[in-house]
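Read in full-length UniProt numbering, the sequence shown has 20 at position 20, and its numbers run on one by one without any break.
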Amino acid sequence: MALPVLSTYRLQLRGQESGFAFTFADAEQLLDYFDELGVSHLYLSPVMTAVRGSAHGYDVVDPTTVSAELGGPQGLARLSAAARAHGIGLIIDIVPNHVGVARPEQNRWWWDVLKHGRSSQYAAFFEIDW
1 MALPVLSTYR LQLRGQESGF AFTFADAEQL LDYFDELGVS HLYLSPVMTA VRGSAHGYDV
61 VDPTTVSAEL GGPQGLARLS AAARAHGIGL IIDIVPNHVG VARPEQNRWW WDVLKHGRSS
121 QYAAFFEIDW
């Protein structure tokens with residue numbers, strides 16, 4: 001059953017390499033505090049795999065995986081279960097219009113489009129005015 005959204009608390013998640021780590025496990029450690037504040041939902045910054053060391057998560061390089069730097073799918077599942085036990089839901093910010101493109105190995109989809117243009121198998125993934 002979905003919990004009614006009454007009040008949110010936004011968390012900026014970051015991996016260790018960012019220099020300012022705040023992961024799923026760190027968020028889990030603060031659930032008692034959020035519960036005391038009356039938070040109904042945690043609003044999580046993007047959790048998909050971003051450029052290594054990303055400080056914000058909006059430079060996604062693999063939208064099909066949960067960031068290992070943040071704790072991976074298992075860490076997200078643990079946070080979700082622990083939050084639910086406190087009566088707190090999760091809202092996850094998805095960013096389909098933001099990608100990291102600095103290096104080919106970081107975003108194979110985009111670089112394949114740059115190489116093959118319209119004939120790229122990933123061309124339809126991007127809104128390009130050809």
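Each residue gets a CB set at the ideal place from its N, CA and C atoms; glycine is no exception.
* To do: State the DSSP-derived secondary structure class of residue 62, mapped to helix, strand or coil.
  => Along the sequence shown, one-based indexing puts residue 62 at 62. It is a strand residue.
* Taking only the alpha-carbon atoms, compute the straight-line gap between residue 104 and residue 67 and give it to the nearest angstrom. => Working through the sequence shown from its first residue, we reach residue 104 at position 104. Working through the sequence shown from its first residue, we reach residue 67 at position 67. Residue 104 and residue 67: Cα-Cα distance of roughly 19 Å.
* **Minimum C-alpha distance to residue 6 - residue among 113, 127, 55 and 39** => One-based indexing of the sequence shown puts residue 6 at position 6. That would be 39, whose Cα lies nearest to the Cα of residue 6.
* **Three-state secondary structure assigned by DSSP to residue 56** => For the purposes of this step, residue 56 is taken as the residue at position 56 of the sequence shown. Here residue 56 sits in coil by DSSP.
* Buried or exposed for residue 27, please, with buried defined as at least 16 other CB atoms from any protein chain shown within 10 angstroms of its CB. => In the sequence shown, the residue the question calls residue 27 occupies position 27. Under this definition residue 27 is a buried residue.
* To do: Tell whether a beta-carbon distance below 8 Å holds between residue 25 and residue 72.
  => As a position in the sequence shown, residue 25 is number 25, starting the count at 1. As a position in the sequence shown, residue 72 is number 72, starting the count at 1. Result no, Cβ atoms of residue 25 and residue 72 do not sit closer than 8 Å.
* DSSP state of residue 34 mapped onto helix, strand, coil -> The sequence position of residue 34 within the sequence shown is 34, counting from 1. The answer is helix: DSSP assigns residue 34 an H, G or I state.
* Between which two residues does the alpha helix (DSSP H) harbouring residue 116 extend? -> Here residue 116 is taken as the residue at index 116 of the sequence shown, counted from 1. Here the alpha helix (DSSP H) through residue 116 covers 108-116.
* To do: Determine the closest residue to residue 63 out of 34, 100 and 113, with distance taken between C-alpha atoms.
  => For the purposes of this step, residue 63 is taken as residue 63 along the sequence shown, with counting starting at 1. Here the closest residue by C-alpha is 100.
* Thinking residue 77 and residue 31 are a contact (beta carbons under 8 Å), I'd like their distance in whole angstroms, please. => For this step, residue 77 is matched to residue 77 along the sequence shown. For this step, residue 31 is matched to residue 31 along the sequence shown. Between residue 31 and residue 77 the Cβ distance is about 15 Å, and since that is not below 8 Å, they are no contact.
* Give the range of the alpha helix (DSSP H) segment to which residue 79 is assigned. => Position 79 of the sequence shown, counting from 1, holds the residue named residue 79. Note, residue 79: alpha helix (DSSP H), 72-85.
* Nearest neighbour of residue 89, chosen from 36, 16, 43 and 22 [CA to CA] -> Numbered from its first residue, the sequence shown carries residue 89 at position 89. The shortest Cα separation from residue 89 among 36, 16, 43 and 22 belongs to 43.
* To do: Output the boundary residues of the beta strand (DSSP E) element that contains residue 50.
  => The residue given as residue 50 occupies position 50 in the sequence shown. Where residue 50 is concerned, the enclosing beta strand (DSSP E) stretches over 48-50.
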